[in-house]
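As structure tokens, the structure follows; a few thoughts come after it.
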Amino acid sequence: MKKFLMLYYGYEEPTPEVMDAWQRWFATVGDRFVDSGNPLGNCLEVTKTGSREMSPDQGAATGYSII
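Following my numbering, the numbering of the sequence shown begins with 1 at its first residue and continues without gaps.
Listed below in structure tokens is the structure:
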């Protein structure tokens, strides 16, 4: 079975409507989640020339799910 990694970017304090929509979406995916995910902490971009810390405003991923 194929697996898909979903990365989430950005963060805003969710409204009740956003939380309801998010919970409905999670319910439709149901048991197809391999890992429903978590928020990510500090991010580090690693390239051939070095590494740097990244914050969400620099495009860092803020969470993930695996389906």
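Just so you know, even glycine gets a beta-carbon here, dropped at the ideal spot from N, CA and C. Here the structure is a predicted model, which is why all the values come from computation and not from measurement.
Item to check | Close Cβ partners of Arg32 (< 6 angstroms) along its chain, the five nearest in sequence each way excluded | outcome: Closer than 6 angstroms at Cβ, skipping near neighbours: Ile67.
Checklist entry - For the candidate residues Met6, Trp22, Gly30, whose alpha-carbon lies nearest to that of Glu13? => result Measuring from the Cα of Glu13, the nearest candidate turns out to be Trp22.
Item to check | Of the listed residues Gly10, Lys3, Gly30, nearest to Gln58 (C-alpha basis) | outcome: Looking at the Cα atoms, Gly10 is the closest of the given residues.
Item to check | Three-way DSSP call (helix, strand, coil) for Met1 in this model | outcome: In the structure shown, Met1 sits in coil (DSSP, three-state: anything other than H, G, I, E or B).
Checklist entry - In angstroms, rounded to a whole number, what distance separates the CA positions of Asn42 and Ser55? => result So the alpha carbons of these two residues sit roughly 7 angstroms apart.
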